[in-house]
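Below is one structure, written out as C-alpha cells; comments come after it.
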Amino acid sequence: LRVVGRMVCSRGLDFFPRSEKACQELLERAQCNGETVARTLLRTIHYSVSFIHDLPLQTVNDSFKKYPFVDPRPFDDLMTEIFEAVLEWMSRVAGPYWIVDVAHQIGEATASKAAGTGAHVARRP
C-alpha cells in the first residue's frame with residue numbers, strides 16, 4: 125500500500141507505466157485546494173480516479189500477468205490519453221479565471237469565423 129495525498133492506493137500498475145504516471149499526476153493535482161467552488165469537484169475527481177486505479181485498472185493489470193503474450197501498450201496509451209484529457213480539463217476548470225479564459229476563447233473563435241466570412245466584428249481596445 126502507498127499513500128497519495130490522503131488516499132491509500134493499492135499497488136502500482138506494472139503493465140501500464142504511462143497510465144500510472146498520468147493517474148498519479150491527476151491524483152496529486154486533484155489534491156491541491158482550488159477555488160471554493162472547485163473544491164467539491166476536485167474531491168469528486170480524486171475519489172473517482174482512485175476508484176478507477178484501484179479496482180478496474182488493478183484487475184486488468186493483474187490479468188496481464190496471466191497472459192504474457194498480450195501487448196498492454198495500446199490499452200496503456202488509451203488510458204493515458206483519457207487521464208491526460210481529464211487532467212487538462214480539470215486544470216482549466218479549477219483555475220480561478222476559467223470563466224474569463226473561456227470567454228476569451230469564444231471571442232477568438234467568433235473573430236476568426238467572422239474574418240473567414242468577411243464580416244466585421246467590433247473589438248474593444
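Each residue of the sequence shown is one higher than the last, beginning at 125 in the working numbering.
Just so it is clear, CB atoms sit at the ideal spot from N, CA and C, and this is done for glycine as well.
Meets three-Cβ-pair contact criterion under 8 Å: the stretch 171-190 and the stretch 147-156: yes
Meets three-Cβ-pair contact criterion under 8 Å: the stretch 183-192 and the stretch 137-144: yes
Ile223 burial status per 10 Å Cβ neighbour count (16 or more: buried): Counted from its first residue, the sequence shown places residue 223 at position 99. The residue is exposed, with fewer than 16 neighbouring Cβ atoms inside 10 Å.
Length of the line joining the Cα atoms of Glu208 and Thr168: Taking the first residue of the sequence shown as position 1, residue 208 is located at position 84. Taking the first residue of the sequence shown as position 1, residue 168 is located at position 44. Looking at the two C-alpha atoms, the distance is approximately 17 Å.
Environment of Pro192 [buried if 16+ CB atoms lie within 10 Å]: Your numbering for residue 192 matches position 68 in the sequence shown. Exposed, because fewer than 16 other Cβ atoms sit within 10 Å of the Cβ of Pro192.
The alpha helix (DSSP H) enclosing Val217, as first and last residue numbers: Here residue 217 corresponds to residue number 93 of the sequence shown, with the count starting at 1. Element bounds for Val217: Arg197 to Ala218.
Alpha carbon of Met131 to alpha carbon of Ala238, nearest angstrom: Here residue 131 corresponds to residue number 7 of the sequence shown, with the count starting at 1. Here residue 238 corresponds to residue number 114 of the sequence shown, with the count starting at 1. Low confidence applies here, because Met131 scores a pLDDT of 46, under 50, leaving its location unreliable and the question unanswered by this model.
Beta-carbon proximity check, Asp138 vs Lys189, cutoff 9 Å: In the sequence shown, residue 138 corresponds to position 14, counting from 1. In the sequence shown, residue 189 corresponds to position 65, counting from 1. Yes, the pair counts as a contact, with Cβ atoms nearer than the cut-off.
Short Cβ contact (9 Å threshold) for Arg153 with Met214: Translated into the one-based positions of the sequence shown, residue 153 becomes position 29. Translated into the one-based positions of the sequence shown, residue 214 becomes position 90. Yes; because the gap between Cβ atoms is below 9 Å, this pair is in contact.
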